[in-house]
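Below is one structure; the comments refer to it alone.
2 protein chains.
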Amino acid sequence: MENTTVSAPEEANASNRQVVLASRPDGIPQAQHFRIVESAVPRPGPGQFLVRNRFLGVEPAMRGWVSAVANYAEPVAIDAVMRSFAAGEVTESNHPEFAAGDLVVGMFGWQDYALSDGSGVRKVADDGIPLSAHLGVLGMNGITAYLALLDIGQPKAGETVVVSTAAGAVGSCAGQIAKLLGCRTVGIAGGPQKTALCTDEFGYDAAIDYKGTPDLDAALEHACPDGVDVYFDNTAGAISDAVMRHLAIRARIIVCGTASISSWAPWPSGPRIERHLLVRRARMQGFLLFDYADRFDEAIAQLTPWVRAGKLRYREDVLHGIEAAPDAIAGLYRGENLGRRLVRLASCSSSI
Amino acid sequence: MENTTVSAPEEANASNRQVVLASRPDGIPQAQHFRIVESAVPRPGPGQFLVRNRFLGVEPAMRGWVSAVANYAEPVAIDAVMRSFAAGEVTESNHPEFAAGDLVVGMFGWQDYALSDGSGVRKVADDGIPLSAHLGVLGMNGITAYLALLDIGQPKAGETVVVSTAAGAVGSCAGQIAKLLGCRTVGIAGGPQKTALCTDEFGYDAAIDYKGTPDLDAALEHACPDGVDVYFDNTAGAISDAVMRHLAIRARIIVCGTASISSWAPWPSGPRIERHLLVRRARMQGFLLFDYADRFDEAIAQLTPWVRAGKLRYREDVLHGIEAAPDAIAGLYRGENLGRRLVRLASCSSSI
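Read top to bottom, the protein sequences are chains U and C. Under our numbering, the first residue of the first sequence carries the number 450, and numbering increases by one thereafter. Under our numbering, the first residue of the second sequence carries the number 450, and numbering increases by one thereafter.
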């Protein structure tokens with residue numbers, strides 16, 4: 450983020466509101482760990498362009514992005530704009546490949562306006578698919594589900610695929626893609642509203658309410674009589690501990706997220722998994738989207754016709770105004786959203 | 450095992466001593482869980498041959514073979530002969546492919562004599578390599594090390610390979626093979642005698658005495674400055690928990706054994722590993738030798754020239770007489786052996 454006192458002509462009266470990291474949380478970032486500041490809208494320098502954000506992403510992974518614990522990326526610095534995906538419109542450009550009016554998705558951060566040099570930015574077509582979808586089902590959620598499922602899970606038609614946070618942004622895509630590939634799909638979610646979504650909207654063959662069931666093992670046994678061939682794990686914790694007891698021979702476990710672990714300090718314990726992996730000759734592997742940048746286009750090309758045909762459905766949970774952002778991550782961990790959480794900026798007057 | 454009252458002519462005065470499972474242990478089988486019984490030497494029926502055992506195998510995996518907990522094979526029945534690998538000589542045959550005098554290795558059990566129909570039996574050449582080696586470095590130990598390392602570990606020259614039970618029968622092979630493939634090898638073993646074996650006899654670049662070191666994490670950090678690319682895990686437990694904290698990006702963990710876990714009832718807990726796998730994008734997979742029967746010949750063909758050239762060294766810990774068998778598994782878990790444990794039968798008068 451580069452600030453300048455010279456505003457773009459068309460934004461002469463605008464200011465740039467930014468959500469910055471105020472202090473470093475121990476576990477899940479809460480509203481009080483952020484602060485909203487206001488400054489002048491910057492102007493693009495040579496090779497840069499200015500993006501006016503329409504939608505800001507809110508991801509469970511953001512917990513990791515602000516954590517001081519060893520991670521896959523540098524943590525967001527104190528007083529820096531919160532890192533995030535966002536979708537918006539180019540309003541001014543000195544970059545040969547981007548022009549005013551272009552719709553773009555990138556790591557623009559939790560702010561009204563962002564400068565970019567084009568790194569990691571994707572232009573999206575204005576072709577009837579809503580802009581927000583490019584932050585979800587055709588963005589990191591769908592791409593994560595597709596690549597993790599295919600690359601690590603390697604599901605075969607007829608196999609049983611279990612998904613945790615099954616009605617969530619990534620989980621719902623994973624379940625639907627597995628179903629499109631001919632698998633039997635079993636979703637695990639919290640509460641009857643989410644399990645109903647699993648079966649009624651996302652086509653799971655069975656759904657287990659881990660909060661409501663008296664015996665998760667019995668429910669898994671019933672839903673997966675031949676064992677679990679692929680487990681798409683977004684939670685870790687007690688849900689995953691139960692699934693590990695029901696693996697089929699040569700099962701594959703995709704470690705995609707750890708939503709149920711509220712803190713890694715002190716480091717939590719759980720039932721040892723070595724014996725499950727050994728007896729079932731199972732494979733467990735961590736997935737990180739950023740390793741697969743060279744395959745994003747492949748994934749989007751596969752997913753787009755499914756979305757257009759209504760075969761890959763998605764839900765959004767849209768908060769309004771940048772003031773909603775600071776509490777939005779904590780809300781994900783409170784389980785309050787149904788669908789991919791976004792913040793729609795109040796300044797957004799466009800119909801896209 | 451088929452008993453008959455008619456003895457083979459050459460064994461007229463012999464009897465067949467057998468170690469049978471007397472009761473089912475909760476954890477590690479102890480001497481009192483076995484009983485030695487004596488019966489007549491059986492005679493081979495049509496399509497069968499009789500083997501006089503020279504060496505009986507003693508494996509950590511035998512704990513699993515007598516366990517009632519879900520496993521990869523039917524547990525040994527109470528009063529049945531203890532399942533084991535053994536090496537011996539055919540003394541009488543009604544089988545077209547085996548003749549008296551042939552040296553053979555197979556699942557002949559803890560007994561003096563065994564009947565076989567040839568299933569899973571391998572003939573070995575009498576070519577200067579000692580018969581006992583075919584139960585170890587050229588038997589399940591070496592084959593396990595080779596196939597697990599190559600198939601799951603996939604080490605590349607220059608990578609760091611860490612092995613637990615590094616001076617043991619499987620571990621010492623894994624470390625030497627990794628070294629032959631151009632890796633930096635780090636062995637973890639218990640006590641100065643075993644770590645000296647690691648560096649002096651098995652060529653590890655570094656060895657860590659997990660019993661003697663005041664800080665296993667610091668020792669790993671020092672021995673693996675670039676992190677652990679491949680972990681050949683024979684122990685699970687606290688040793689593996691420490692190694693998991695030092696994984697390199699895209700590490701591979703071979704779950705080959707769980708020697709440090711004395712009982713799985715009640716199921717033991719340990720630090721959760723999901724975050725390690727996620728942040729390091731690591732892969733962890735269970736290995737079971739019996740899945741790879743179609744590649745045993747390939748492994749033996751690779752290993753034999755290394756053994757003959759003295760590049761793949763091995764140690765044996767030979768107990769004498771079948772009376773030593775019942776306590777022999779417990780002794781492995783007491784850590785009392787240096788090298789692959791075998792029982793040499795007292796009746797063995799041959800020089801092989």
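Using N, Cα and C, we set each Cβ at its ideal position, and we do this for glycine too.
Exposed or buried, which one is residue i when buried takes at least 16 other CB atoms within 10 Å?
{"i": "D682/C", "result": "buried"}
{"i": "R783/C", "result": "exposed"}
{"i": "P478/C", "result": "buried"}
{"i": "E508/C", "result": "buried"}
{"i": "A773/U", "result": "buried"}
{"i": "I601/C", "result": "buried"}
{"i": "I778/C", "result": "buried"}
{"i": "D475/C", "result": "exposed"}
{"i": "K660/C", "result": "exposed"}
{"i": "H769/U", "result": "exposed"}
{"i": "R512/C", "result": "buried"}
{"i": "A606/U", "result": "exposed"}
{"i": "E451/C", "result": "Low per-residue confidence applies at E451/C: pLDDT is 40, beneath 50, and the placement is therefore not dependable, though the value from the model is reported in the following sentence. Answer is exposed; the Cβ neighbour count stays below 16."}
{"i": "A691/U", "result": "buried"}
{"i": "D746/C", "result": "exposed"}
{"i": "D575/U", "result": "exposed"}
{"i": "W559/C", "result": "buried"}
{"i": "G550/C", "result": "exposed"}
{"i": "S718/C", "result": "exposed"}
{"i": "R757/C", "result": "exposed"}
Does the separation of the CB atoms of residue i and residue j fall below 9 angstroms?
{"i": "E670/U", "j": "C632/U", "result": "no"}
{"i": "Q615/U", "j": "A638/U", "result": "Rather than Gln, the amino acid found at residue 615/U in this sequence is Ala. It is a contact, given that the beta carbons lie within the stated cut-off."}
{"i": "L470/C", "j": "M531/C", "result": "yes"}
{"i": "V486/U", "j": "E723/C", "result": "no"}
{"i": "V554/C", "j": "V573/C", "result": "yes"}
{"i": "V490/C", "j": "S464/C", "result": "yes"}
{"i": "G706/U", "j": "A510/U", "result": "yes"}
{"i": "F504/C", "j": "P775/C", "result": "no"}
{"i": "L514/C", "j": "R721/U", "result": "Rather than Leu, the amino acid found at residue 514/C in this sequence is Trp. Not a contact, by the Cβ cut-off of 9 angstroms."}
{"i": "R730/U", "j": "I702/U", "result": "no"}
{"i": "I570/C", "j": "V679/C", "result": "The residue you asked about is not Ile; residue 570/C is Val in the sequence shown. Going by C-beta atoms, V570/C is not nearer than 9 angstroms to V679/C."}
{"i": "Y741/U", "j": "A748/U", "result": "yes"}
{"i": "V612/U", "j": "G640/U", "result": "no"}
{"i": "V518/C", "j": "A714/C", "result": "yes"}
{"i": "L629/C", "j": "L761/C", "result": "yes"}
{"i": "A618/C", "j": "G788/C", "result": "yes"}
{"i": "L737/C", "j": "G591/C", "result": "no"}
{"i": "G537/U", "j": "L791/U", "result": "no"}
{"i": "G686/U", "j": "S709/U", "result": "yes"}
{"i": "S565/C", "j": "V500/C", "result": "yes"}
{"i": "L552/U", "j": "L584/U", "result": "no"}
{"i": "D424/U", "j": "T648/U", "result": "Past the boundaries of the shown model lies residue 424/U; chain U is included only from 450 to 801, so the question cannot be answered."}
My output table needs one value for residue i: the three-state DSSP class, helix, strand or coil.
{"i": "I703/C", "result": "strand"}
{"i": "T634/C", "result": "strand"}
{"i": "D746/U", "result": "helix"}
{"i": "E765/C", "result": "strand"}
{"i": "I698/C", "result": "strand"}
{"i": "R852/C", "result": "Lying before the first or after the last residue shown, residue 852/C is absent from chain C, which here runs from 450 to 801."}
{"i": "D776/C", "result": "coil"}
{"i": "S689/U", "result": "helix"}
{"i": "L752/U", "result": "helix"}
{"i": "L787/C", "result": "coil"}
{"i": "S800/C", "result": "With a pLDDT of only 44 at S800/C, under the threshold of 50, the placement of this residue in the model should not be trusted; the figure read from the coordinates follows. Coil, per DSSP."}
{"i": "R793/U", "result": "strand"}
{"i": "T454/U", "result": "With a pLDDT of only 38 at T454/U, under the threshold of 50, the placement of this residue in the model should not be trusted, and no figure is reported."}
Query - Every unbroken beta strand (DSSP E) within the segment 464-551 of chain C, with a cutoff of 3 residues, ordered by chain - result: Correct list: 464-470, 483-489, 498-506 and 535-542.
Query - Every unbroken alpha helix (DSSP H) within the segment 622-677 of chain U, with a cutoff of 4 residues, ordered by chain - result: Correct list: 641-649 and 665-672.
Query raised in the report: If you pair each beta-carbon of the segment 615-624 of chain C with each one of the segment 647-654 of chain C, do three or more pairs fall below 8 angstroms?
Result: Short answer: they touch.
Query raised in the report: Quick one: complete alpha helix (DSSP H) runs, 4+ long, within the segment 547-603 of chain C?
Result: DSSP runs (the alpha helix (DSSP H)) wholly in the segment 547-603 of chain C: 589-597.
Query - Segments of 3+ residues assigned as beta strand (DSSP E) that fall wholly inside the segment 712-736 of chain U - result: Along the segment 712-736 of chain U, the beta strand (DSSP E) occurs as fully enclosed runs of 3 or more residues at 718-720 and 732-735, listed in sequence order.
Query raised in the report: Quick one: any contact between the segment 754-772 of chain C and the segment 717-736 of chain C, if contact means 3 or more CB pairs under 8 angstroms?
Result: Counting Cβ pairs under 8 angstroms, fewer than three are found: no touch.
Query raised in the report: Is there contact here, the segment 590-604 of chain U with the segment 536-549 of chain U, by at least three beta-carbon pairs under 8 angstroms?
Result: A contact between stretches requires three or more CB pairs, one per stretch, nearer than 8 angstroms, and the segment 590-604 of chain U fails this requirement with the segment 536-549 of chain U.
Query raised in the report: At a Cβ cut of 9 angstroms, what residues of the segment 720-743 of chain C count as close to chain A, listed as they run along the chain?
Result: No chain A is part of this structure, whose protein chains are labelled U and C.
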